[in-house]
Amino acid sequence: MFDKTVTDNYHDKIALQVREARKDFGKVPVLKGINLEIQVGERVALMGPSGSGKSTLLNCICGIEPLDSGEISLGGNSLSNLSNHELDKLRREKIGYVFQSFHLLPTLSAFENIEFSAQLVGIKKNQRLELVSHLLERVGLSNRASHFPDALSGGERQRVALARALIHKPRLILADEPTGSLDTANGNQVLELLKSLSEEHGVSLLLVTHDHTSTQICDRVITMKDGNLEIF
Ligand code: ADP
Ligand code: MG
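Just so you know, we're using the numbering used here here: the sequence shown kicks off at 105 and counts up by one.
This is the structure in structure tokens:
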């Protein structure tokens with residue numbers, strides 16, 4: 105049923121379309137009619153003061169939070185037409201999410217953290233091992249495979265999280281202040297990886313950042329202010 109209703113229209117060149125998105129928390133309007141389009145392979149930086157609604161927008165895009173009104177489409181699929189099951193599937197298959205605080209499982213090694221995600225999306229054991237090894241190598245952490253998160257530096261943890269976010273070859277990466285808790289050198293390494301991975305695979309990126317230098321890996325910068333987007 106999913107296959108009939110959800111099509112892959114990424115050849116349309118629009119990876120993400122947000123139209124008149126509105127969201128209130130209680131009586132507080134947080135998104136006040138957001139319009140945004142991201143092309144396939146495009147990297148967009150989202151800036152704006154704390155509390156302006158950036159994380160809420162990302163959560164709505166990946167379907168964790170429902171909109172009150174408006175529309176979000178991923179690769180031509182409107183989220184509002186999907187059942188919860190279809191929404192989960194679309195999110196699992198098309199989106200990679202990277203957070204400021206990494207969200208690694210503390211009792212699993214770097215390898216196992218990535219493998220666990222591969223298992224969740226249904227990749228078979230023999231393929232998993234190869235894929236996880238490849239991704240660890242790609243983010244420069246082959247020699248850290250058996251380390252647990254607390255034995256990794258912040259930058260290494262974020263690179264594990266990045267490898268994990270790529271396991272299902274997503275079409276869109278949502279990165280919410282991914283370098284917010286890293287020093288400049290580690291932050292730059294993560295940003296360069298985000299850039300080269302998006303270029304290699306034609307993956308679009310929506311990168312929330314406070315830091316103007318991080319925007320250099322992006323094609324354009326948009327700013328959120330009081331629940332509205334300013335697009336230049
Ligand atoms: P940003 O990421 O730009 O710092 P957020 O999207 O996290 O901003 O938050 C925007 C506003 O929405 C803030 O006022 C925040 O307190 C509020 N908010 C965010 N999530 C929730 C929630 N689950 N319930 C109630 N209010 C929320
Ligand atoms: Mg936030």
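Don't be surprised by glycine CBs; every beta carbon is placed ideally from N, CA and C.
Secondary structure of residue i, DSSP reduced to three states
i	result
D107	At D107 the pLDDT is 42, less than 50, meaning the model places this residue with poor confidence and gives no usable figure here.
F203	strand
A125	strand
R147	strand
E169	coil
S177	strand
T211	coil
I142	strand
A119	strand
D83	In the structure displayed, the chain extends from 105 to 336; residue 83 sits before or after that span and is not available.
K131	coil
K273	coil
L256	coil
K136	strand
V325	strand
L186	coil
With 16 other Cβ atoms within 10 Å as the buried cut-off, status of residue i
i	result
S177	buried
V236	buried
K198	buried
V225	exposed
D107	With a pLDDT of 42 at D107, under the threshold of 50, the modelled position of that residue is not reliable, and no figure is offered here.
S159	buried
M105	With a pLDDT of 36 at M105, under the threshold of 50, the modelled position of this residue cannot be trusted, and the question is left open.
N181	buried
Residue j beta carbon less than 9 Å from that of residue i
i	j	result
V264	F206	yes
L301	L266	yes
L278	I165	yes
V312	D280	yes
D323	S156	no
L150	T283	no
V243	L297	yes
I168	R195	yes
L162	L310	yes
N230	R268	no
L191	F215	no
Residue i: CB within 8 Å of a non-hydrogen atom of the ligand ADP
i	result
F203	no
P282	no
P210	no
V264	no
G306	no
G130	yes
Residue i Cβ short of 8 Å to the ligand MG heavy atom set
i	result
S285	no
S318	no
L159	First, the amino acid is wrong: residue 159 is Ser here, not Leu. Yes - the ligand MG has a heavy atom lying nearer than 8 Å to the Cβ of S159.
V134	no
V225	no
V312	yes
S300	no
S154	yes
Beta carbon proximity, residue i to chain B, threshold 9 Å
i	result
S237	Here there is only one protein chain, and chain B is not present.
I want to know whether the segment 169-188 touches the segment 117-128 - three or more CB-CB distances under 8 Å.
Yes: at least three Cβ pairs fall under 8 Å.
Does the segment 244-261 come close enough to the segment 272-279 that 3 or more CB-CB pairs lie under 8 Å?
The segment 272-279, when compared against the segment 244-261, does not touch it at the 8 Å Cβ threshold.
Could you check whether the segment 192-204 touches the segment 245-252, counting it as contact only if at least three pairs of C-beta atoms, one from each stretch, sit closer than 8 Å?
Result no; under three Cβ-Cβ pairs closer than 8 Å.
At least 3 beta-carbon pairs within less than 8 Å: the segment 291-309 vs the segment 144-156
Yes, since at least three Cβ pairs between the segment 291-309 and the segment 144-156 fall closer than 8 Å, the two stretches touch.
Report yes or no: do three or more beta-carbon pairs, one from the segment 292-300 and one from the segment 317-330, lie closer than 8 Å?
Because the criterion of three Cβ pairs below 8 Å is met, the segment 292-300 and the segment 317-330 touch.
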